[in-house]
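Here the structure is laid out as structure tokens; the discussion comes afterwards.
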DNA sequence: TCAAAAGTGTTAACTGTACACCCATGT
DNA sequence: ACATGGGTGTACAGTTAACACTTTTGA
């Protein structure tokens with residue numbers, strides 16, 4: 051697997067970064083992708099920088115592709131974090147040191163950054179996380195069992211989750227968190243994992259159908275000793 | 051009235067700006083503050099730049115204070131506009147030329163900017179708009195009769211309005227768009243101006259009271275030949 | 001025929017809408 | 001007393017919640 055080269059100085063807009071909260075769903079658990087830097091025990095959201103003449107949204111799409119191999123993802127910007135003291139220069143210095151990179155040459159990475167945050171909804175099954183040049187792991191973590199994250203990344207995750215919970219109906223339909231066809235039970239599991247509360251099965255079913263965003267397909271015979279559930283897909287428009 | 055000096059080079063983070071959509075309410079009309087640059091017929095949202103070590107939110111508060119004289123305003127970030135082609139370098143060049151400023155010295159203002167957009171809700175009555183060094187007017191315009199705006203500022207206004215319309219109940223209560231005490235009619239006028247639709251008086255009243263965000267005060271005797279309305283204020287928490 | 005899980009019917013509670021009605025006020 | 005605008009009562013419709021019931025499936 052090819053590792054991404056570290057970007058050169060001056061290629062990017064200084065002091066501007068993006069971070070992405072990439073949500074996946076394992077069947078019962080809501081998860082996000084977290085990177086660990088080489089030999090540092092420092093965990094962070096996958097992020098990146100914006101090239102001088104690159105559209106911001108394109109930069110994020112590019113970054114996401116580099117880390118997950120996935121293209122054509124539902125991405126939504128939700129907040130820009132701009133506190134002057136969100137940086138932890140010591141942490142970044144140790145990341146550079148542990149990667150044999152001189153702090154002089156990469157001093158721009160130690161400076162203050164304003165970060166535009168995005169969230170993505172992707173299918174957990176499809177992703178083979180690819181660590182980049184700086185990191186030695188890029189892994190799924192349960193949303194309620196995250197490692198300690200660097201800087202204000204914990205806050206970013208919380209705000210992403212809060213945003214996701216609002217108008218979940220529209221958002222889940224646009225993303226790719228579920229496979230193309232899924233049962234009503236799958237959908238309910240996703241809702242429950244995201245909202246963090248149990249829902250009534252019958253009420254849930256009727257509410258989903260009343261939204262008129264689901265298309266009903268053939269039944270799925272699971273081999274289980276019970277009525278086979280219908281498969282559904284989102285009506286894309 | 052003191053005009054603001056033009057900021058020096060290198061004081062600010064390059065390629066990063068903010069724009070603010072400042073909403074005011076005149077009694078029946080929703081308005082926003084628009085600046086016109088000297089001798090250019092170019093209209094823009096009031097905006098500014100972020101200093102190297104300044105918190106983003108502070109930068110916006112500072113910019114707003116410079117232009118409206120108002121402090122302690124309800125400000126909310128709603129989107130970051132990052133298309134690479136949102137700039138119109140020709141327009142900025144002509145602004146500089148018409149102000150006797152050399153494009154060489156201020157070339158950083160011609161470059162690509164990513165802009166973090168905020169909206170504010172303020173009391174129209176309280177504001178004496180103060181044009182800054184670059185502009186010769188800073189005026190209220192009805193939301194449905196804006197002059198043609200530079201760059202993507204029209205889009206920014208539309209997105210601000212869309213954001214404001216969502217969860218208006220919470221937002222109006224936090225802002226200062228209405229005076230400290232107001233009648234139910236005032237409140238309804240504000241809602242109608244923002245949402246752009248007429249509302250039923252009786253239904254509106256009951257809905258507002260059920261939100262439990264209003265405190266009822268003494269009645270207001272207007273001199274009109276009719277029952278005096280109660281005054282209300284928002285319960286701040 | 002039984003247990004498990006899916007799907008549907010039914011009713012009661014709640015919420016929102018529309019409109020009627022009553023109340024206070026200055027002329 | 002009456003016209004004007006503010007406040008409340010009420011009835012109806014639409015939506016949601018809770019639970020009972022039926023259906024399908026494999027053992």
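Protein chains in written order, with this note's numbering: chain A, 51 to 287; chain B, 51 to 287. Positions of the beta carbon are idealized from the N, C-alpha and C atoms, including for glycine. A quick note: this is a predicted structure, and the numbers were derived from the prediction, not measured.
Our two residues, residue 145(A) and residue 97(A), have alpha carbons roughly 15 Å apart in a direct line. Contacts between residue 210(B) and chain A, judged by CB atoms closer than 9 Å, are missing: the closest CB pair is about 15 Å apart. Shown here, residue 187(B) sits in a strand according to DSSP, grouped into three states.
When the five nearest sequence neighbours on each side are left out, the beta carbons in the same chain lying within less than 8 Å of the beta carbon of residue 278(A) are those of 269, 270, 271, 272, in order along the chain. The distance from the Cβ of residue 105(B) to that of residue 149(B) is about 29 Å, inconsistent with a contact at the 8 Å cut-off. Across the set 66(A), 71(A), 220(A), 223(A), the C-alpha of 71(A) shows the shortest separation from the C-alpha of residue 207(A). Around the Cβ of residue 226(A), a 10 Å sphere holds 16 or more other Cβ atoms; the residue is buried. For residue 161(B) and residue 60(A), the gap between their C-alpha atoms comes out near 15 Å. Residue range 234-245 is occupied by the alpha helix (DSSP H) that includes residue 242(A). Under the Cβ criterion (8 Å, minimum of three pairs), the stretch 236-246 of chain B counts as touching the stretch 75-91 of chain B. Remark: C-beta atoms of residue 128(B) and residue 156(B) do not approach each other more closely than 8 Å. Taking a beta-carbon distance threshold of 8 Å, residue 168(A) does not count as an interface residue toward chain B.
Taking each of 257(B), 177(B), 210(B), 199(B) in turn and checking the Cα distance to residue 84(B), the smallest one comes out for 199(B).
Proximity to residue 287(A) across 228(A), 143(A), 190(A), 223(A) peaks at 223(A), based on C-alpha coordinates. Contact of residue 173(A) with chain B by beta-carbon distance below 9 Å is absent, the smallest such distance being about 27 Å. Remark: C-beta atoms of residue 130(B) and residue 164(B) approach each other more closely than 8 Å. Listed in chain order, the non-local C-beta contacts of residue 137(A) below 6 Å within the same chain comprise 162, local neighbours out to five positions each way being set aside. Straight-line spacing of the CA atoms in residue 275(B) and residue 281(B) works out to 17 Å.
Not one beta carbon of chain B lies nearer than 8 Å to the beta carbon of residue 154(A). For residue 139(A), the uninterrupted alpha helix (DSSP H) run begins and ends at 139-148, by DSSP.
Shortest Cα-Cα distance from residue 228(A) to any of 116(A), 74(A), 153(A), 181(A) involves 74(A).
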